[in-house]
Structures are given as structure tokens and as C-alpha cells.
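Structure, as C-alpha cells:
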Amino acid sequence: MRVILMTGKGGVGKTSVAAATGLRCAELGYRTLVLSTDPAHSLADSFDMEMGHEPIQVCPNLWGAELDALMELETNWGAVKRYITQVLQARGLEGVQAEELAILPGMDEIFGLVRMKRHYDEATYDVLIIDSAPTGTALRLLSLPEVSGWYMRRFYKPLQKMSVALRPLVEPFFRPIAGFSLPDQAVMDAPYEFYEQIEALEKVLTDNTQTSVRLVTNPEKMVIKESLRAHAYLSLYNVATDLVIANRIIPDHVEDPFFQQWKTNQQEYRHQIHENFRPLPVKEVPLFQQEMCGLAALERLKDILYPGEDPTQVFYKETTLRVVQTQDEYSLELYLPGIPKNKIELSKTADELNIRIGNHRRNLVLPQALAAMQPAGAKMEEDYLKIRFSNVGVTV
Numbered sequence: 001m002r003v004i005l006m007t008g009k010g011g012v013g014k015t016s017v018a019a020a021t022g023l024r025c026a027e028l029g030y031r032t033l034v035l036s037t038d039p040a041h042s043l044a045d046s047f048d049m050e051m052g053h054e055p056i057q058v059c060p061n062l063w064g065a066e067l068d069a070l071m072e073l074e075t076n077w078g079a080v081k082r083y084i085t086q087v088l089q090a091r092g093l094e095g096v097q098a099e100e101l102a103i104l105p106g107m108d109e110i111f112g113l114v115r116m117k118r119h120y121d122e123a124t125y126d127v128l129i130i131d132s133a134p135t136g137t138a139l140r141l142l143s144l145p146e147v148s149g150w151y152m153r154r155f156y157k158p159l160q161k162m163s164v165a166l167r168p169l170v171e172p173f174f175r176p177i178a179g180f181s182l183p184d185q186a187v188m189d190a191p192y193e194f195y196e197q198i199e200a201l202e203k204v205l206t207d208n209t210q211t212s213v214r215l216v217t218n219p220e221k222m223v224i225k226e227s228l229r230a231h232a233y234l235s236l237y238n239v240a241t242d243l244v245i246a247n248r249i250i251p252d253h254v255e256d257p258f259f260q261q262w263k264t265n266q267q268e269y270r271h272q273i274h275e276n277f278r279p280l281p282v283k284e285v286p287l288f289q290q291e292m293c294g295l296a297a298l299e300r301l302k303d304i305l306y307p308g309e310d311p312t313q314v315f316y317k318e319t320t321l322r323v324v325q326t327q328d329e330y331s332l333e334l335y336l337p338g339i340p341k342n343k344i345e346l347s348k349t350a351d352e353l354n355i356r357i358g359n360h361r362r363n364l365v366l367p368q369a370l371a372a373m374q375p376a377g378a379k380m381e382e383d384y385l386k387i388r389f390s391n392v393g394v395t396v
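Pasting the structure below:
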């Protein structure tokens with residue numbers, strides 16, 4: 001299955017691009033699903049038809065759906081939610097308040113991953129296009145497999161085994177005192193089953209032969225900076241970007257003096273987009289006179305985006321992570337375009353390299369050859385962070 005994730009700063013037009021991409025894929029004969037995981041759904045507005053949690057057919061070979069986080073929660077997390085509600089009610093919270101607090105922050109992002117994994121396993125569709133949340137939320141979503149895996153391996157699995165062994169002994173004394181029961185097997189199994197699904201999905205997300213991110217941006221200063229940060233962080237999580245789409249370019253034939261300064265600014269920002277994202281290909285889409293609602297409007301957008309092209313092709317394949325051996329040293333090279341070295345923090349703990357850029361962190365499990373070594377230096381070269389490892393070195 002080909003997986004394409006559309007992301008970008010809120011309001012740049014990624015939903016319209018996702019819908020038009022789906023339309024072109026369907027036209028070429030691919031069974032295609034466009035799935036919105038953005039909490040502020042607008043996919044139904046783009047297609048100009050009612051949509052819900054389950055896929056609905058838009059036209060031949062094309063289906064659309066808008067993720068309902070509450071329905072996914074009940075399906076995948078119902079036992080845990082009910083247990084948390086029971087605990088909160090035992091501590092004095094009212095029923096409605098307890099149920100609301102039982103839905104943990106960020107659960108909608110996790111369910112977006114689970115829904116993707118289910119469609120991937122079912123293999124009903126040839127192409128899965130994700131209309132993702134705005135970049136900040138989407139990047140946290142992409143980091144979930146690695147972050148959750150770290151906690152599950154070190155904390156949850158030992159706790160689960162201990163809880164199963166002690167529950168029959170402790171439960172008779174625990175409930176009268178606490179007012180609620182210890183978690184049963186179903187409650188304890190749910191988080192680890194969740195983790196296993198997410199861990200399996202990580203292999204799909206990081207396989208750049210079948211999964212690509214497409215960044216949608218506008219020729220505006222703040223939007224470009226957000227897109228550049230997103231590209232760097234996607235590389236940090238080893239997820240490949242294969243295309244940048246510069247949307248809402250004022251056409252040359254617009255000569256109204258009101259737009260003249262705007263067009264001049266756009267010329268400069270268009271140049272920046274092409275230069276800053278090089279060598280990624282950039283497609284430009286004009287600002288249309290009408291909003292992108294309905295199949296007729298999406299047809300026009302589709303023809304501009306993919307004239308005679310197959311959207312499922314990988315437009316650019318970049319190596320985001322590689323290990324190079326030089327004599328008795330190794331070099332771990334991470335593709336981080338546009339990030340100065342002084343913005344990167346590195347540390348190593350056991351077999352993990354901790355990489356931090358701003359608020360984003362990755363715990364990278366090192367190959368066995370590097371795990372026994374220490375970082376001996378780092379430098380930025382041609383958009384790659386190159387970290388040297390040797391048996392005797394100085395920690396970065």
C-alpha cells in the first residue's frame with residue numbers, strides 16, 4: 001500500500017491538496033482512501049458531501065473518512081477508559097467529569113496512528129492519503145512509536161507482569177480501602193497491545209519506498225519557517241519528505257495595484273522555498289478565484305498538481321539516516337537540512353543516542369557496532385549531522 005501524509009501549517013490548504021491527490025489516484029485506477037486525522041475536519045467541505053468515521057464512496061475508486069476520536073477510543077481503549085472513570089469516581093468526581101478526564105490528552109493523535117495501521121493491515125485500498133493535523137501536532141504523532149516504545153520497554157512491561165502476579169493476593173485488601181479494584185487483565189493488556197500496533201506502524205512510516213510526507217506551504221515568511229522546521233524534524237524521526245507544494249501563488253495575469261506588493265513579496269518567498277528545500281522538488285499552485293469546494297474545483301487543482309503524472313510515485317528519495325565506517329571509527333549521519341549545529345544537543349545513554357532540537361527529542365537506538373563506543377565529535381556538512389564514534393572519545 002502506498003501511504004502519503006499531507007501536512008503543513010494550519011490554513012495552508014493541505015486538505016484541498018489531499019483531496020485533489022486522491023482524485024487523481026482514483027482517476028488512474030487506484031482504490032484510494034483519503035482519511036482526515038485533523039481534529040478540525042474540513043475534508044467533507046472539500047468534497048462538498050457528508051462524511052463520517054467510516055469510509056464513504058466519493059466517486060469511482062475514491063473513498064473519504066473523517067476520524068472520530070471518541071469512536072476509536074471506545075473501540076481500542078474502552079476497558080482502560082472505564083477503569084480510569086471508576087478510579088476518578090471513587091475519588092469523588094461526578095460521572096460526567098470523570099468520563100471527560102478519562103480521555104487523556106493526545107489520544108486523538110494516537111488513534112490516528114491506530115486507524116492508519118488498521119487500514120494498512122486490511123489492505124482494502126491501494127493508496128492511503130492522510131490529511132494530517134497541522135505540523136506541530138503531526139510531528140508529535142510521528143514521534144509516538146519511538147517515545148511510547150521507550151516507556152513500554154523500560155517501565156510498563158515489568159509493571160504489567162508484577163500487577164498480574166500480585167492482583168489475586170492484594171485485591172481483597174485493596175478494594176475496601178481504595179474504593180475501586182486493581183486493573184484486570186484486559187486493562188493491563190490494552191496499552192501494550194496499543195504499543196505493539198504503533199511499533200509495527202513505525203516500520204511503515206520509515207519505509208520511504210511506500211511512505212512519503214508532502215509538505216504544503218504558502219509563500220509567506222512564517223509559513224516557510226514552519227515548513228522548514230517540519231522538514232528537519234521529519235528527518236529526525238526518519239520519515240521521508242518527497243515533495244513540497246507551494247500553494248496560493250498569485251497568478252501573473254493579476255495586475256490590480258492592490259496585489260502588487262503582495263506579488264513582489266511572493267516572488268522573494270517563492271525563491272526562498274525553491275532554494276531552502278533544495279534538492280526536494282517544489283510544485284506551485286495558483287491562488288484560485290473560487291474556494292476549493294466540490295469535485296469540479298478539485299478537478300482543476302488536480303490537473304495543476306499532477307499534469308499527466310502519477311501521484312503515487314516517489315518524487316524524491318532521500319537517505320535520512322546512514323552509518324559509515326572509516327578505518328576504526330564509525331560516523332552516524334542524520335539528514336537535518338537547515339539546522340545549525342549550535343541548535344543541536346546530543347547525549348548518549350547506554351545503547352541510545354539522545355538528539356534534541358528545540359522541543360523535539362529522539363531516542364535513537366544505536367546499531368550494535370556503535371552502542372559500545374562513545375561520540376567523539378560532531379559537525380554539520382551538506383545538511384547532514386555527522387557524529388563520529390570511537391572506542392576512546394569525548395562525549396559531545
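Counted from 1, the sequence shown has number 187 at position 187 by full-length UniProt numbering; the numbering is strictly sequential.
Using N, Cα and C, we set each Cβ at its ideal position, and we do this for glycine too.
Please go through the same chain and pick out, in chain order, the residues whose beta-carbon is closer than 6 Å to the beta-carbon of residue i, but skip the five residues on each side of it.
i, result
"GLY294", "ASP48"
"VAL58", "PHE47 and GLY64"
"ILE387", "LEU332, PRO375 and ALA378"
"ASP242", "SER212, VAL314, PHE315 and TYR316"
"PRO55", "LEU33, TRP63 and ALA65"
"PHE111", "ALA69 and GLU72"
"ARG248", "ASN218 and LEU287"
"GLN89", "ALA98"
Determine the contact status of residue i and residue j, defining contact as a CB-CB distance below 8 Å.
i, j, result
"GLY22", "ILE129", "yes"
"THR15", "SER42", "yes"
"LEU346", "ILE355", "yes"
"ARG2", "VAL127", "yes"
"LEU287", "ILE250", "yes"
"TYR384", "LEU334", "yes"
"HIS360", "TYR233", "yes"
"VAL244", "VAL282", "yes"
"ILE273", "ILE339", "no"
"ASN391", "LYS317", "no"
"THR275", "ALA246", "Reading off the sequence, residue 275 comes out as Glu, not Thr. No, these two residues do not count as a Cβ contact at 8 Å."
"SER235", "THR320", "yes"
"LEU364", "TYR330", "no"
"LYS117", "ALA200", "yes"
"ASP252", "ALA133", "no"
"LEU336", "ASP351", "no"
"MET292", "LYS341", "no"
Within 10 angstroms of its Cβ, does residue i collect 16 or more other Cβ (buried), or is it exposed?
i, result
"PRO311", "buried"
"ARG229", "buried"
"ILE304", "exposed"
"GLN266", "buried"
"LYS9", "buried"
"ASN218", "buried"
"HIS231", "buried"
"VAL34", "buried"
"TYR192", "exposed"
"VAL216", "buried"
"ALA20", "buried"
"ALA40", "exposed"
"PRO183", "buried"
"THR85", "buried"
"PHE389", "buried"
"PHE277", "buried"
"GLU202", "buried"
Are there any heavy atoms of the ligand ZN lying less than 7 Å away from the beta-carbon of residue i, as far as the coordinates show?
i, result
"SER132", "With respect to the ligand ZN, the structure shown offers nothing to examine, as it has no ligands at all."
So, under 8 Å CB-CB, residue i and residue j are touching, yes? Tell me the CB distance rounded to an integer number of Å.
i, j, result
"GLU67", "SER36", "According to the sequence as given, residue 67 is Leu; it is not Glu. Right, the Cβ-Cβ distance comes to about 6 Å (below 8 Å), so this counts as a contact."
"VAL114", "ALA190", "Not confirmed; about 11 Å, so no contact."
"ARG24", "LYS221", "With 8 Å as the limit, ARG24 and LYS221 do not qualify as a contact, their Cβ atoms being about 31 Å apart."
Taking 8 Å as the limit between beta carbons, can you name the residues of its chain near residue i, skipping five residues before and five after?
i, result
"THR395", "Legend: pLDDT at THR395 = 44, less than 50; position of this residue unreliable, value from coordinates given subsequently. SER347, LYS348, GLN374 and PRO375, listed in sequence order."
"GLY393", "With a pLDDT of 46 at GLY393, under the threshold of 50, the modelled position of this residue cannot be trusted; read the value that follows with caution. Cβ neighbours of GLY393 beyond the five flanking positions: MET373, GLN374, PRO375, ALA376 and GLY377."
"LYS343", "ILE357 and GLY358"
"GLN210", "MET1, ARG2, VAL3 and VAL204"
"PHE258", "none"
Under 7 Å Cβ to Cβ from residue i, same chain only, skipping five residues before and after it: list those, please.
i, result
"ASN61", "ALA26, GLY29, TYR30, ARG31 and THR32"
"ALA18", "MET6, VAL34, ILE129 and ASP131"
"ARG322", "GLU333"
"GLN197", "VAL114 and LYS117"
"MET51", "LEU43, ALA44, GLY64, ALA65 and GLU66"
Report task. Could you name each continuous alpha helix (DSSP H) segment of 4 residues or more that falls completely within the region 292 to 369, going from the start of the chain to the end? Result -> The region 292 to 369 contains these whole alpha helix (DSSP H) runs: 295 to 305.
Requested in this report: Would you mind listing the alpha helix (DSSP H) stretches within the region 63 to 98 that are 4+ residues and don't spill past its ends, in chain order?
Outcome: Listed in chain order, they are 69 to 90.
**Report entry** Complete alpha helix (DSSP H) runs within the region 194 to 266 (minimum length 4 residues, chain order)
**Finding:** Annotation: the region 194 to 266 contains the following complete segments of the alpha helix (DSSP H) (minimum length 4 residues), in chain order: 221 to 236.
Report task. Run through the region 29 to 59 for me and flag every whole beta strand (DSSP E) of 3 or more residues, listed as ranges in chain order. Result -> Counting whole runs of 3 or more residues, the region 29 to 59 contains the beta strand (DSSP E) stretches 32 to 36 and 56 to 59.
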